[in-house]
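Take a look at the structure set out below.
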Amino acid sequence: MSSETIFSPRVRIACVPGDQPSFEALTKSFRLAGFEVAKPDTSLGADIGLIDLRKQGVSARKAKAIASALRRKSPESPLVFLVDPTCEVSAPSALKRFGEVIPAHNEVDHVTVRCREIIRLRNIAEETGERLKSLATLNRLVEFPVVTTTNTQARILIAGRPGPAAIAAVNAVNAVAGKATCVLNAGQAMRALEHDDFDCAIFLPTAENDPMLAFIRTLRRHPKHAHLSIIQIADHPADLSNYARKGARDFVLAQQISVELASRAQLASRRARLLRSMRKFLKSCKGEGIRDARSGAFTSLFLTEHGNRICARADQTGRALSITLVSLSDADDQASTARTLNHAARLINRVTRAEDMVARISRKKFIILSPATNVEDAEKIGLRISGVIANTAFRNERTQKPYAVNVFTKSYSRARGMCIEECVAAGLKDIDAAATPPRRLFPL
Numbered sequence: 000m001s002s003e004t005i006f007s008p009r010v011r012i013a014c015v016p017g018d019q020p021s022f023e024a025l026t027k028s029f030r031l032a033g034f035e036v037a038k039p040d041t042s043l044g045a046d047i048g049l050i051d052l053r054k055q056g057v058s059a060r061k062a063k064a065i066a067s068a069l070r071r072k073s074p075e076s077p078l079v080f081l082v083d084p085t086c087e088v089s090a091p092s093a094l095k096r097f098g099e100v101i102p103a104h105n106e107v108d109h110v111t112v113r114c115r116e117i118i119r120l121r122n123i124a125e126e127t128g129e130r131l132k133s134l135a136t137l138n139r140l141v142e143f144p145v146v147t148t149t150n151t152q153a154r155i156l157i158a159g160r161p162g163p164a165a166i167a168a169v170n171a172v173n174a175v176a177g178k179a180t181c182v183l184n185a186g187q188a189m190r191a192l193e194h195d196d197f198d199c200a201i202f203l204p205t206a207e208n209d210p211m212l213a214f215i216r217t218l219r220r221h222p223k224h225a226h227l228s229i230i231q232i233a234d235h236p237a238d239l240s241n242y243a244r245k246g247a248r249d250f251v252l253a254q255q256i257s258v259e260l261a262s263r264a265q266l267a268s269r270r271a272r273l274l275r276s277m278r279k280f281l282k283s284c285k286g287e288g289i290r291d292a293r294s295g296a297f298t299s300l301f302l303t304e305h306g307n308r309i310c311a312r313a314d315q316t317g318r319a320l321s322i323t324l325v326s327l328s329d330a331d332d333q334a335s336t337a338r339t340l341n342h343a344a345r346l347i348n349r350v351t352r353a354e355d356m357v358a359r360i361s362r363k364k365f366i367i368l369s370p371a372t373n374v375e376d377a378e379k380i381g382l383r384i385s386g387v388i389a390n391t392a393f394r395n396e397r398t399q400k401p402y403a404v405n406v407f408t409k410s411y412s413r414a415r416g417m418c419i420e421e422c423v424a425a426g427l428k429d430i431d432a433a434a435t436p437p438r439r440l441f442p443l
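First residue of the sequence shown: 0, per numbering that gives the first Met the number 0; consecutive thereafter.
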């Protein structure tokens, strides 16, 4: 597969630049994140259309003309507008009809974070739609939760020290929140999240070494709160990139709280509820011939149908499709039991993303399909799986003695035009030819 592997960036961005120094700064920041930036005349199949309106006069007619030109090239690409933080309030309101508006000054790290979040939402939404099509095509009795959201008002958490920004935030969300909880520090925010479910968390400006920043970063990695939308309020435009590096995902400037925060929080809450529903669907759908009830892995029947569907989708969009093969082998001659293999399969399902598909292709081999994912990120998925399984102590059902399972992973990019059967065959050839890893023994 090495000769057929193609390089693909994480995200392709078609950028309509302002001046040349601004375009160079954008290009540098995005390339550090693994994104490819190009002007619309040289970019095909862009994932995001970025329009830089900083240091320019903003009008609804101009924005509409640029947006229409980008959408003719990439109809499915969301649009992002960069504007000056000091622009008139009416300008962002006009631009919101065409796409997302992000204030930016010289540093643009927060723009990279926001674009990454947009792509994550798109990937989960697309995988939900494609999986529904595959389930309908197989015409099997399938049990899955309905992808829907509740009609109740948003539940919002506001965290940070009291002050003018806190008062403005409370007044802004009162009109859209069915429940708004205000806390002062990270400890109180932690207790509030433990006792109540929130759709959106708004964090007020904090000092450089405030524990709240570490708490925000922790929320991104907590499985229970991964769905939570996080909005960070900043006093100055220069703080936006700093907050982005600390874990924030969405941003509002303090001087725009009264105008923008209510609509932003309401939209973020709706997206959070829909994202939670889609994640639940992707993790829970099961049925005869679809997912093995004991191991939780998808069957070969569903792999054939759905794998060819997402292969065709990758060819249509030009996005990457990465494949990770996982092979388990015996340690102490006990790893071949069905109970151990089912446990290992459930661990693989648990540590993969919602949009990844885990299927069983033989008794001890599994395949993970990762749409819109380059091979570098797929290798990280393989390393995560290897680390979890290799450091799990399985127990003998009869003697209760611990033993280990050897695991070997291989990640590669799917070459354009290959069907799922060819991908599996080529991957199995590579993984079977690899050397068997050394045995791992747990001390008794």
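A virtual CB, placed ideally from N, CA and C, is assigned to each residue, including glycine.
The structure presented is a predicted model; accordingly, all values stated were derived computationally and were not measured.
Quiz item: Three-state secondary structure (DSSP) at isoleucine 419?
Solution: Isoleucine 419 falls in the helix class under three-state DSSP.
Exercise. Would you check if the stretch 304-319 and the stretch 155-171 touch, i.e. whether three or more CB-CB distances between them fall below 8 Å?
Key: Per the Cβ contact rule, the stretch 155-171 is not in contact with the stretch 304-319 (fewer than 3 Cβ pairs under 8 Å).
Self-check item: Backbone CA spacing between threonine 136 and threonine 303 [nearest angstrom]
Solution: 12 Å
Quiz prompt | contact_flag[the stretch 254-270, the stretch 126-136] where n(CB pairs < 8 Å) is 3 or more | solution = Between the stretch 254-270 and the stretch 126-136, the count of C-beta pairs closer than 8 Å stays below three; the two stretches do not touch.
Quiz prompt | Completely contained beta strand (DSSP E) runs for the stretch 251-336, where each covers 3 or more residues | solution = 320-328
Quiz item: Near proline 84, what residues of its chain come up, given a Cβ to Cβ distance below 7 Å and the 5 sequence neighbours on each side ignored?
Solution: Excluding residues within five positions, the ones whose Cβ falls inside 7 Å are Pro102, His104, Pro236, Leu252.
Practice problem: Compare the C-alpha of phenylalanine 80 against each of Lys363, Ala124, Gly17, Glu142 and name the closest. | Solution: Gly17
Quiz item: By Cβ distance below 8 Å, which residues in the same chain neighbour valine 82 in space, the five residues on each side in sequence not counted?
Solution: Once the five neighbours on either side are set aside, the close Cβ partners of valine 82 are Leu52, Arg53, Val57, Ala90, Pro91, Leu94, Val100, Ile101, Pro102, Ala103.
Quiz prompt | Supposed close pair serine 276, isoleucine 155 - CB separation, criterion 8 Å | solution = Taking C-beta atoms under 8 Å as the contact rule, serine 276 and isoleucine 155 fail to qualify, at a distance of about 19 Å.
Quiz item: Would you call the stretch 137-150 and the stretch 286-300 in contact, with 3 or more CB pairs under 8 Å?
Solution: As far as the Cβ criterion goes, the stretch 137-150 touches the stretch 286-300, which means the pair count is three or higher.
Practice problem: Label serine 240 either buried or exposed according to how many other C-beta atoms from any shown protein chain fall within 10 Å of its C-beta, with 16 as the threshold for buried. | Solution: buried
Quiz item: Between which two residues does the alpha helix (DSSP H) containing proline 163 stretch?
Solution: 163-172
Self-check item: Endpoints, the beta strand (DSSP E) within which glutamate 35 is located
Solution: 34-37
Quiz item: Between which two residues does the beta strand (DSSP E) harbouring alanine 200 extend?
Solution: 199-202
Quiz item: Could you give the distance in angstroms between the alpha-carbon of serine 2 and the alpha-carbon of glutamate 421?
Solution: Any reading at serine 2 is ruled out, since the residue's pLDDT is 35, under 50, leaving its predicted position unreliable.
Quiz item: Quick one: is threonine 127 buried, meaning 16 or more other Cβ sit within 10 Å of its Cβ, or exposed?
Solution: buried
Exercise. Could you have a look at methionine 0 and say whether DSSP puts it in helix, strand or coil?
Key: In this predicted model, methionine 0 has a pLDDT of only 37, less than 50, meaning its place in the structure is not dependable; the value taken from the coordinates is given anyway. Judged by DSSP in its simplified three-state form, methionine 0 adopts coil rather than helix or strand.
Quiz item: Are there 16 or more other CB atoms within 10 angstroms of the CB of proline 204, so buried, or fewer, so exposed?
Solution: buried
Practice problem: Measure the alpha-carbon distance for lysine 285 versus arginine 338 and round it to whole angstroms. | Solution: 20 Å
Quiz item: Within the chosen definition, does the stretch 379-394 reach the stretch 343-353 through at least 3 CB pairs nearer than 8 Å?
Solution: With a cut-off of 8 Å, the stretch 343-353 and the stretch 379-394 count as touching, because enough Cβ pairs lie within range.
Quiz item: Which runs of the alpha helix (DSSP H), 4 residues or longer, sit entirely within the stretch 335-395?
Solution: 337-350, 374-389
Self-check item: Identity of the residues DSSP links to threonine 180 by a beta bridge
Solution: Beta-bridge pairing by DSSP links threonine 180 to Leu156.
Self-check item: Distance CB(serine 444)-CB(valine 357) smaller than 8 Å
Solution: Past the boundaries of the shown model lies residue 444; the chain is included only from 0 to 443, so the question cannot be answered.
Exercise. Work out the CA separation of glutamate 116 and proline 370 for me, nearest whole Å.
Key: Proline 370 and glutamate 116 have their C-alpha atoms spaced approximately 16 Å apart.
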